[in-house]
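Okay, so here's the structure we're looking at.
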Amino acid sequence: MRGADLDEKHAADLGEKHASPPYDTGYSLASDDRDDELVALERSRWVRRMTTRAAYGVLCFLVVLACALLGYFLAPRTPDVALHAVGSPASAHSGSFKLRGAKLQFHVDLVYRVQNDNYFGMVVDDISTAVFWPETKFALGGGRLSNIWVPARRTVEITMPVAIRYDVKRGPPPVLLGMVDSCGLHDAGIGEMSLEAEVQADFHTKIARSLVQSGRQSISIKCPVRRMGTLQIDDGASGNLGDLVRTLSA
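Every position in the sequence shown, counted from 1, becomes a number in our numbering once 5 is added.
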């Protein structure tokens, strides 16, 4: 009996020993804690990586946006120069117009609008205009102005005095006959002359220097005098303009 009891006790001790290993509970808890720490650490690293990437993305976007805005605001824009109005010849108001020697002379005012679309001011170094008889290369006169300041995003009006000169003896006869048709020889005539004007402007900003040139624009001006036939050529010894026109028309 005693031997049997000892065998049973020994078997029970062996079963308890194999059923409950001494490392089971404590080691499992420690392993789980380390796994949780590794997961938390990896997640923290992933969050930092995503945050860093997002920050770099936002920074790159801001840099690109700043460059685009800087390019938009600093990009030089060519100003627009357009003829706005034509003033009447000064001599028409005073009534003092006359043929000076053999030259027909009077003045008109051309009003130009210079529009600056830049976000910074500019200087028109030189602006000049030439007036032609329509459909010809014959220049009747011109004018020039310089050093005109145009503020940013503004439009400035420039009044340019233009001197018109025509030599009735040496100038192309079609021009004189056209003037007579417009202003009249012995009658009132149409009362207006049609001419063509073109303008060129040299300008500079803090960034660039350039020029703008317009094509010919048709303008109408009031005749400086009516009934041109009575105008005396030179001192009168050469006759009057009516005599010259009759000679050209013959």
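Note that CB positions come from ideal geometry on N, CA and C, so glycine has one too.
Because the structure is a prediction, the values reported are computed rather than measured.
Assuming residue i contacts residue j (C-beta within less than 8 angstroms), just tell me the rounded distance between them.
i    : j    : result
T3   : S215 : Absent from the model: residue 3. The displayed extent of the chain is 6 to 255, so no value can be given.
V167 : H112 : 7 angstroms
D131 : R159 : About 20 angstroms; that fails the 8 angstroms criterion.
Please report the straight-line C-alpha distance between residue i and residue j, rounded to a whole angstrom.
i    : j    : result
V217 : S133 : 11 angstroms
G147 : I169 : 7 angstroms
G100 : D192 : Per-residue confidence for G100 stands at a pLDDT of 41, beneath the threshold of 50, marking its modelled position as unreliable; the derived number appears in the next sentence. Cα-Cα distance, rounded: 17 angstroms.
V44  : V69  : 37 angstroms
My output table needs one value for residue i: the three-state DSSP class, helix, strand or coil.
i    : result
R214 : strand
P229 : coil
L46  : helix
A202 : strand
T134 : strand
D186 : helix
A71  : helix
A92  : According to the sequence provided, residue 92 is Gly. The question's Ala does not apply to it. Here G92 sits in coil by DSSP.
A58  : Checking the displayed sequence, the identity of residue 58 turns out to be Arg instead of Ala. Reduced to three states, the DSSP call for R58 is helix.
R159 : strand
S219 : coil
Measure the Cβ-Cβ separation of residue i and residue j and say whether it is below 8 angstroms.
i    : j    : result
I226 : L200 : yes
N123 : P177 : no
G196 : C228 : yes
D248 : G106 : no
L115 : V91  : yes
Q222 : L88  : yes
Could you check whether the segment 178–194 touches the segment 70–79, counting it as contact only if at least three pairs of C-beta atoms, one from each stretch, sit closer than 8 angstroms?
no
Flag this pair as touching only if the segment 142–162 and the segment 119–126 have three or more C-beta atom pairs under 8 angstroms; answer yes or no.
yes
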